[in-house]
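Under UniProt numbering, think of the first position of the sequence shown as 1, with each following residue one higher. C-beta atoms are modelled at their ideal positions from N, C-alpha and C, and glycine is treated no differently. In this text the structure is predicted, and so the values were computed from the model without any measurement.
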Amino acid sequence: MPLIFTNWWSGYIPKRIITFTLCIIAIIICYADRSIMAIAIVYMTKEFNWDHSTQGLVSSSFYFGYLTTQIIGGACTDIFGGRRILSIAGITWSLFTLLTPISARINLYCLILCRICLGIGEGVTFPCAHSIISRWFPPEERSRAVSILFVSNFFGMVIAMPISNILGSSQFGWDSIFCVFGIVGFIWSVIWHFMVEVILEIILVSEKKN
1 MPLIFTNWWS
11 GYIPKRIITF
21 TLCIIAIIIC
31 YADRSIMAIA
41 IVYMTKEFNW
51 DHSTQGLVSS
61 SFYFGYLTTQ
71 IIGGACTDIF
81 GGRRILSIAG
91 ITWSLFTLLT
101 PISARINLYC
111 LILCRICLGI
121 GEGVTFPCAH
131 SIISRWFPPE
141 ERSRAVSILF
151 VSNFFGMVIA
161 MPISNILGSS
171 QFGWDSIFCV
181 FGIVGFIWSV
191 IWHFMVEVIL
201 EIILVSEKKN
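Here's what the structure looks like:
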């Protein structure tokens with residue numbers, strides 16, 4: 001992306017603030033994506049006639065994938081960098097959010113696998129965000145940045161619940177819940193990829209000038 005496009009904002013907004021803001025939005029989207037099932041499952045149960053055990057299995061399957069990448073996410077981030085891993089994670093969680101209605105209509109096992117893959121994508125988000133904070137923020141500001149990051153997950157849940165209820169009860173049905181949040185995730189992924197690439201390009205140009 002040409003630097004001419006970025007000159008209007010790069011001189012006014014600190015680059016680390018832009019990057020950190022995008023990390024906050026990523027956390028909000030992640031927690032929204034995992035929270036929408038709490039509302040969607042009410043409508044899905046009516047369609048698929050799930051008992052309580054099945055509902056519990058569908059809801060909890062997300063965490064099998066989430067716990068896995070929470071453990072290895074930090075190591076992957078240290079090796080490959082937070083920017084790349086977070087880009088892949090954003091595409092992954094958005095894709096499997098969109099695929100949830102399709103997998104549910106195939107069979108229960110496909111839905112559970114889809115939820116596990118969603119958890120795998122979201123599990124690396126916090127380790128990536130922490131890695132980015134450690135690289136972009138001075139030590140005296142890191143604790144404040146991490147605190148803001150942790151608080152942002154509640155915004156995801158607060159936003160997801162009413163929107164999911166509105167979409168689920170609309171003429172578009174519960175499928176629209178996953179479609180809307182999945183599309184939002186893809187939009188974030190595109191912005192993250194190109195915006196951070198531009199920021200790094202600006203830094204490289206600045207270093208060459210110096």
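- Taking the Cα of VAL151 as reference, the smallest distance to any Cα among LEU22, ILE28 and ILE17 is reached at ILE28.
- Closest in alpha carbon position to MET157, among ALA26, ILE120, LEU22 and ALA104, is ALA26.
- If you check the CB distance, TRP136 and THR19 come in under 7 Å.
- DSSP, read as helix, strand or coil, puts ASP51 in coil.
- Collapsing the DSSP output to three states places TRP174 in coil.
- The way I'd put it, the segment 180-195 doesn't touch the segment 67-82; fewer than three beta-carbon pairs between them come closer than 8 Å.
- Annotated three-state conformation of SER147 is helix, per DSSP.
- Assigned with DSSP and collapsed to three states, VAL58 falls in helix.
- Put simply, the segment 171-183 touches the segment 33-43. At least three CB pairs are less than 8 Å apart.
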